[in-house]
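Single-structure report; data block below.
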Amino acid sequence: MSIDILVIGLPALADDILTRQATERGWTLHRPGADGLAPPEIAQRIVAVAASGAVSVDARLIDALPALKVISVHAVGYDLTDVAHARSRGVVVTHTPDVLNDDVADMALLLALGTLRRLPAMDAYVRAGRWASEGPPPLSRRATGLKYGLLGLGRIGRAIAERLAPLAGEIAYHTRRPVGDAPWRHVPDLVELAGQVDVLVVIVPGGASTRGLVSAEVLDALGPNGVLINVARGEVVDQDALIAALASGRLGGAGLDVFADEPNVPQALIDSERCVLAPHVASATVQTRQAMADLMIANLEAVLSGRPAVNPVPD
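Reading the sequence shown from the start, the letters are residues 0 to 314 in numbering that gives the first Met the number 0.
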């Protein structure tokens, strides 16, 4: 008997891998219609959803799939999936942590260095012929010896801190409670942390509890020489406040891999020379996306075979 799976918004590589694996396993893959749902005659048979972390798996979709057993999210973040409603229906929700830690940490470091050293502006300066016609560009800022702060200290946060350690003058972090074995200084108040550091790296989950956490007050505390790096979720930062702080010079710069309304990026950020921008690609390497797809499939296979999920989302 065929196992029917609804596939929603997967990146191309993950979609290709799942398609090949489905053939070998006897799974039948379906795509949602224009309304975001499976056709009624197919919806009755769907037992699994494989979804990108960038798409919504809400109560409406979950309730339209009466045989649903598992939602396998191809991401570490699952804030767009209604986990509480899924659990109320007895549906297991899984994700793909750990395999992308290194790539996201690398991107955070890259954005920090690129923003401080104004790398995109330097590249554009050379390509426009301005080096030859105008001479050397304005000076940038040294990254070594600065104070770095982390908003969040989970698996990825730790990987970022470890990369920063050789060049940082100091590393501090803000979480609700101190992380017991962390060697870095805990600051209980986010505004206080922002006022103490030169670079603030955002690496917390998205969702209602963190929406707008990086507020105008936090940005003002970071100050005109401060740099904000966001490799978490766009909604964690008050984007309007960020734009205003950059435009007024109240914030020194920003390195952003995520935005509030992806893939739409405000023109003010695009036009700002204080920004380094990336299109939500922190985990977008062939090796990591392969590993994420493999883990997504392993989670599907485990639950559909009656075994515990490899990576259920935490309680």
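The beta-carbon is built from N, C-alpha and C at its ideal position, and this holds for glycine as well.
For LEU26, which of helix, strand or coil comes out of DSSP?
According to the sequence shown, residue 26 is Trp rather than Leu. TRP26: strand per DSSP, three-state reduction.
Tell me the DSSP bridge mates of GLU169?
LYS146
According to DSSP, is ALA315 helix, strand or coil?
With the chain covering only 0 through 314, there is no way to say anything about residue 315.
My assumption, with CB atoms under 8 Å, is that LEU212 sits in contact with LEU218. Please give the rounded CB distance.
Wrong, their Cβ atoms sit about 11 Å apart, outside the cutoff.
Can you give the Cα-Cα distance for ALA181 and ASP188, rounded to whole angstroms?
Approximately 17 Å between the Cα atoms of the pair.
Roughly how far, in whole angstroms, is the beta-carbon of GLY206 from the beta-carbon of ASP57, given that I think they are within contact range, below 8 Å?
With 8 Å as the limit, GLY206 and ASP57 do not qualify as a contact, their Cβ atoms being about 13 Å apart.
With 16 as the cutoff for other CB atoms within 10 Å, does GLU272 come out buried or exposed?
exposed
Using only the alpha-carbon positions, how far apart do ARG86 and ALA123 sit?
Answer to the nearest angstrom: the Cα atoms are 50 Å apart.
Let me check one thing: in DSSP terms, what residues is PRO311 bridge-paired to?
THR93.
For a minimum of 3 consecutive residues, which ranges assigned as the beta strand (DSSP E) are wholly contained in the region 53 to 139?
DSSP runs (the beta strand (DSSP E)) wholly in the region 53 to 139: 69 to 73, 91 to 93.
In this structure, does DSSP put VAL302 in helix, strand or coil?
Note: VAL302 maps to helix in three-state DSSP.
Does the Cβ of GLY113 have 16 or more other Cβ atoms within 10 Å, making it buried, or fewer, making it exposed?
buried
In angstroms, rounded to a whole number, what distance separates the CA positions of ARG129 and PRO278?
27 Å
Of all the options ALA171, GLY151, SER214, which has the alpha carbon lying nearest to the alpha carbon of VAL203?
Here the closest residue by C-alpha is GLY151.
Restricting to Cα atoms, I'd like to know which of PRO135, ALA13, LEU36 is closest to ARG288.
Checked all of PRO135, ALA13, LEU36; the closest Cα to ARG288 is ALA13.
Which of helix, strand or coil does DSSP assign to VAL264?
Coil at VAL264, not helix or strand.
Excluding five sequence neighbours on each side, which residues of the same chain lie with their C-beta closer than 7 Å to the C-beta of GLY76?
GLY52, PRO204, GLY205, ARG232
Shortest alpha-carbon distance to VAL90 belongs to which of PRO65, ASP101, ASP97?
PRO65
Smallest Cα separation from ALA33: which of GLY8, ILE45, ILE16?
GLY8
From LEU276, GLY251, ALA253, GLY252, pick the residue whose C-alpha is nearest to that of ASN263; which is it?
LEU276
Pull up the CB-CB distance for SER1 and LEU299, whole angstroms please, since I reckon it's below 8 Å.
That pair is no contact at about 14 Å.
Using a 10 Å radius around the Cβ and a threshold of 16 neighbouring Cβ atoms, would you call ALA11 buried or exposed?
exposed
Give the DSSP-derived three-state secondary structure of ARG157 in the structure shown.
helix
Judging by CA-CA distance, which residue of ALA281, ALA246, ALA283, GLY251 is the nearest neighbour of SER266?
Ser is not the amino acid found at residue 266; the sequence shown has Gln there. Considering only alpha carbons, the answer is ALA246.
From the DSSP secondary-structure annotation, give me the bridge partner or partners of SER51.
HIS73
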